[in-house]
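Student: For the sequence shown, counting from 1, position 9 maps to 10 in the working numbering; every step adds exactly one.
First the structure, which I've put down as structure tokens, then a few questions once you've had a look.
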Amino acid sequence: MNAIAKSWPGTGVTEIPYWVYTDKDVYESELDRIWYGDHWLYAGLEAEVPEVGSYRTTTLGERQVIVVRSAEDQISVLENRCRHRGVQICQARSGKLDGITCPYHQWSYALDGALQGVPFRRGIKGKGGMSRDFSPADHGLLRLEVEVVNGVIWASFSDKTPPFRQYLGERLWKSYERIVSGRRLRVVGYNRQLIPANWKLVIENIRDPYHGALLHVFLPTFGLFRPDQASEMRMDETGRHGSLMSLPALDHAGGGEDITRDLAVDASLQLADKRLIEAVKELEGSETLGSCCVFPSVIFLQQVNALQIRHIIPKGADGCELVWTHFGFAEDDEEMRQRRIRHGNLFGPGGLVSVDDSEVLAMAQRGFKMAEESGTATVRMGTGGRENTNEGHMATESGIRGLYQYYREVMGL
Ligand code: FES
Ligand SMILES: [Fe+2]
2 MNAIAKSWPG TGVTEIPYWV YTDKDVYESE LDRIWYGDHW LYAGLEAEVP
52 EVGSYRTTTL GERQVIVVRS AEDQISVLEN RCRHRGVQIC QARSGKLDGI
102 TCPYHQWSYA LDGALQGVPF RRGIKGKGGM SRDFSPADHG LLRLEVEVVN
152 GVIWASFSDK TPPFRQYLGE RLWKSYERIV SGRRLRVVGY NRQLIPANWK
202 LVIENIRDPY HGALLHVFLP TFGLFRPDQA SEMRMDETGR HGSLMSLPAL
252 DHAGGGEDIT RDLAVDASLQ LADKRLIEAV KELEGSETLG SCCVFPSVIF
302 LQQVNALQIR HIIPKGADGC ELVWTHFGFA EDDEEMRQRR IRHGNLFGPG
352 GLVSVDDSEV LAMAQRGFKM AEESGTATVR MGTGGRENTN EGHMATESGI
402 RGLYQYYREV MGL
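Structural data, given as structure tokens:
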């Protein structure tokens, strides 16, 4: 692995150099050290591949994989490229297969990736064919490590990644389990969007309680989120995973400091249809927002009754794709499904809340481009030191510092 010819400004993580978001070599190194390193990546839901042969294609880092139920009790995650001459075999996003056959020369593979057939392997009428020492066992589709945890499929390019629960750490396990407890899941729908911003900005954004009520004016306007409500920023021991929880906004009519003075709230606005934000309690605790960001590839998020998975696919230093899977539970009735769709629209990529994030992240990327080599982002809100403690307030950027503590370690920066 090549060392990066850059030096981090200072010894801490309160100044983040712009080049981590723009530099091509840094990005290539992230692919090697992070995406293809000892990390679990989100590969989909068990519910998406219900029967033997059901598959979906998805992208982990920049590599496309086939996620397939290869036996009743087995899910395989295979690199989507033929071991003959590299052709990307599956073109569809999802479907059902008996086996996997490459269109070019018809090499055929079993659902677990084992190479089963090579046409004319023994030649034609005794002429040509593969040499005797050709070993089909060495030419199966490349198989990733797989662990299915509470209905979620995790894959890793490395066989040294610790078991998922250990990888996540007990503190974050609580946040994970709150959203995906093992109850059977049902997909409600998908969105896909391209964001012209570095992939790390998406993770920072969900770990940044500071912006919540300031950028997303909709939230304080309709009482969904206020900066003074009880909240908790949780991180694992390394700082790489993060979870933000917040409890319902308190009624501050009784006095005390008016924290809304810094917010651009127009009190005269009313929702024409209150069902947009009316929630039915369903998960443990009374959090109106609960997230669990599993580094580096995914964010699980609950906001009112919207449950969603935001899968991050990096696309060069300057952009990423976000694939949203909106989900519910197998036993949801039609009313609940409709509620999830309403809430999912509000908190989806084109909704009145999250659209603010995509836009502001693209604006950040444009700012970084202006001073790639010399500029730094300042991340000083909240306490100093190793940033993996629960804080209970929102005037903090500890979640971002925690992230970069781990980032510096894993990147050797
Ligand atoms: S490239 Fe796949 S069979 Fe030849
Ligand atoms: Fe946001």
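Ideal Cβ positions, reconstructed from N, Cα and C, are used throughout, including at glycine.
Would you decide whether Thr222 is buried or exposed? Buried here means 16 or more other CB atoms lie within 10 Å of its CB.
Tutor: For the purposes of this step, residue 222 is taken as the residue at position 221 of the sequence shown. Classification for Thr222: buried.
Student: Just how far apart, CA to CA, sit Leu116 and Leu143?
Tutor: Residue mapping note: residue 116 aligns to position 115 of the sequence shown, counting from 1. Residue mapping note: residue 143 aligns to position 142 of the sequence shown, counting from 1. Those two C-alpha atoms are separated by around 10 Å.
Student: By the three-class DSSP mapping on this structure, what secondary structure does Glu398 have?
Tutor: For the purposes of this step, residue 398 is taken as residue 397 along the sequence shown, with counting starting at 1. Coil at Glu398, not helix or strand.
Student: For the beta strand (DSSP E) holding His327, just list the boundary residues, first then last.
Tutor: Counted from its first residue, the sequence shown places residue 327 at position 326. Counting along the chain, the beta strand (DSSP E) containing His327 begins and ends at 321-330.
Student: Using only the alpha-carbon positions, how far apart do Glu374 and Pro18 sit?
Tutor: Numbered from its first residue, the sequence shown carries residue 374 at position 373. Numbered from its first residue, the sequence shown carries residue 18 at position 17. For Glu374 and Pro18, the distance between alpha carbons rounds to 8 Å.
Student: How should Met236 be labelled, buried or exposed, when 16 other C-beta atoms within 10 angstroms of its C-beta is the threshold for buried?
Tutor: Start at 1 with the first residue of the sequence shown, and residue 236 comes out as number 235. Counting Cβ neighbours within 10 Å, Met236 comes out buried, since at least 16 surround it.
Student: Would DSSP call Ile300 helix, strand or coil?
Tutor: Reading the sequence shown from its first residue, position 299 is the one you call residue 300. DSSP places Ile300 in strand when its eight states are reduced to three.
Student: Would you please state the rounded distance, in angstroms, between the beta carbons of Ile207 and Ser292? I believe it to be under 8 Å.
Tutor: Walking along the sequence shown from the start, residue 207 turns up at place 206. Walking along the sequence shown from the start, residue 292 turns up at place 291. Going by Cβ atoms, the distance from Ile207 to Ser292 rounds to 6 Å, so yes, they are a contact pair.
Student: Start and end of the alpha helix (DSSP H) containing Tyr191?
Tutor: Locating residue 191 in the sequence shown gives position 190, where the first residue counts as 1. Not the alpha helix (DSSP H): Tyr191 falls in the beta strand (DSSP E), residues 186-196.
Student: Ordered along the chain, which non-local residues of its own chain (more than five positions away) have a Cβ less than 7 Å from that of Lys370?
Tutor: One-based indexing of the sequence shown puts residue 370 at position 369. If we look at Lys370 and ignore the five residues flanking it on each side, its Cβ neighbours are Thr23.
Student: Let me know the secondary structure DSSP gives Gln406 once reduced to three states.
Tutor: Taking the first residue of the sequence shown as position 1, residue 406 is located at position 405. Of the three classes helix, strand and coil, the one that applies to Gln406 here is helix, per DSSP.
Student: Round the Cβ separation of Asn199 and Ala318 to the nearest angstrom and send it over; I've been treating them as touching at under 8 Å.
Tutor: Translated into the one-based positions of the sequence shown, residue 199 becomes position 198. Translated into the one-based positions of the sequence shown, residue 318 becomes position 317. Indeed they touch by this definition, with Cβ atoms about 6 Å apart.
Student: Using DSSP's beta-bridge definition, name the partner residues of Met236.
Tutor: Mapped onto the sequence shown, residue 236 falls at position 235. Answer by DSSP bridge pairing, in chain order: Gly243.
Student: So is Leu245 buried or exposed if we call it buried at 16+ other beta carbons inside 10 Å?
Tutor: By 1-based counting over the sequence shown, the position of residue 245 is 244. Leu245 comes out buried.
Student: Less than 7 Å between the beta carbons of Tyr422 and Arg241, yes or no?
Tutor: As displayed, the chain neither begins before 2 nor continues past 414, which places residue 422 out of reach and without an answer.
Student: Please tell me whether Ile67 and Asn81 are closer than 7 Å, where the distance is taken between their beta carbons.
Tutor: For the purposes of this step, residue 67 is taken as residue 66 along the sequence shown, with counting starting at 1. For the purposes of this step, residue 81 is taken as residue 80 along the sequence shown, with counting starting at 1. Result yes, Cβ atoms of Ile67 and Asn81 sit closer than 7 Å.
Student: Which of the three DSSP states, helix, strand or coil, is assigned to Gly256?
Tutor: If you number the sequence shown from 1, residue 256 lands on position 255. Note on Gly256: pLDDT 45, under 50, position unreliable in the model; the coordinate value appears next. Correct three-state label for Gly256: coil.
Student: Given 6 Å as the limit, tell me if Asp358 has its C-beta closer than that to any heavy atom belonging to ligand 2.
Tutor: Within the sequence shown, the letter at position 357 stands for residue 358. Yes, the Cβ of Asp358 comes within 6 Å of a heavy atom of ligand 2.
Student: Which class does Gln366 belong to by DSSP, given the choice of helix, strand or coil?
Tutor: In the sequence shown, the residue the question calls residue 366 occupies position 365. Helix, per DSSP.
Student: If you count every other CB in all the chains shown that lies within 10 Å of the CB of His40, and 16 or more means buried, which is it?
Tutor: Position 39 of the sequence shown, counting from 1, holds the residue named residue 40. When all chains shown are included, His40 counts as buried.
Student: Gln309: buried (16+ other C-beta within 10 angstroms of its C-beta) or exposed?
Tutor: For this step, residue 309 is matched to residue 308 along the sequence shown. Gln309 should be labelled buried.
Student: Rounding to the nearest angstrom, what Cα-Cα distance links Val324 and Ser298 in this structure?
Tutor: By 1-based counting over the sequence shown, the position of residue 324 is 323. By 1-based counting over the sequence shown, the position of residue 298 is 297. Each residue's Cα considered, the two are about 11 Å apart.
Student: Is the beta carbon of Gly62 less than 7 Å from the beta carbon of Tyr28?
Tutor: One-based indexing of the sequence shown puts residue 62 at position 61. One-based indexing of the sequence shown puts residue 28 at position 27. No.
Student: Compute the minimum distance between the beta carbon of Val88 and the heavy atoms of ligand 1, and state whether it is under 6 Å.
Tutor: Walking along the sequence shown from the start, residue 88 turns up at place 87. Under cutoff, so the answer is yes.
Student: Per DSSP, what kind of secondary structure is Leu251 in: helix, strand or coil?
Tutor: On the sequence shown, residue 251 is found 250 positions in, with the first residue counted as 1. Here the model assigns Leu251 a pLDDT of 49, short of 50, so the residue's position is not dependable and the matter cannot be decided.
Student: Quick check on Lys161: buried or exposed, where buried means 16 or more other Cβ atoms within 10 Å of its Cβ?
Tutor: As a working mapping, residue 161 is identified with position 160 in the sequence shown. It is exposed - the Cβ of Lys161 has fewer than 16 other Cβ atoms within 10 Å.
Student: Can you list, in chain order, the residues of its chain with a C-beta nearer than 6 Å to that of His253? Leave out the 5 residues immediately preceding and following it.
Tutor: Mapped onto the sequence shown, residue 253 falls at position 252. Here the model assigns His253 a pLDDT of 42, short of 50, so the residue's position is not dependable and the matter cannot be decided.
Student: Tell me whether the beta-carbon of Ser359 lies closer than 7 Å to the beta-carbon of Ile196.
Tutor: Locating residue 359 in the sequence shown gives position 358, counting from the first residue. Locating residue 196 in the sequence shown gives position 195, counting from the first residue. Against a cut-off of 7 Å, the Cβ pair of Ile196 and Ser359 comes out as a contact.
Student: Can the beta-carbon of Glu47 be found closer than 7 Å to that of Gly141?
Tutor: In the sequence shown, residue 47 corresponds to position 46, counting from 1. In the sequence shown, residue 141 corresponds to position 140, counting from 1. Cβ atoms of Glu47 and Gly141: not closer than 7 Å.
Student: Residue range of the beta strand (DSSP E) that Thr59 falls in?
Tutor: Along the sequence shown, read from residue 1 onward, the residue named residue 59 stands at position 58. Note, Thr59: beta strand (DSSP E), 55-61.
Student: Taking the continuous beta strand (DSSP E) assigned at Arg291, which residues delimit it?
Tutor: On the sequence shown, residue 291 is found 290 positions in, with the first residue counted as 1. Position check: residue 291 holds Gly in this sequence, whereas Arg was assumed. That run of the beta strand (DSSP E) goes 290-295.
Student: Could you tell me whether any non-hydrogen atom of ligand 1 is closer than 6 Å to the CB of Cys91?
Tutor: In the sequence shown, counting from the first residue as 1, residue 91 sits at position 90. No, the beta carbon of Cys91 sits no closer than 6 Å to any heavy atom of ligand 1.
Student: From the DSSP output, in three-state form, read off Leu414 for me.
Tutor: Residue 414 sits at position 413 when you count from the first residue of the sequence shown. Three-state result, Leu414: coil.
Student: Between which two residues does the beta strand (DSSP E) carrying Tyr28 extend?
Tutor: Position 27 of the sequence shown, counting from 1, holds the residue named residue 28. Counting along the chain, Tyr28 falls outside any beta strand (DSSP E), though it belongs to the alpha helix (DSSP H) covering 25-31.
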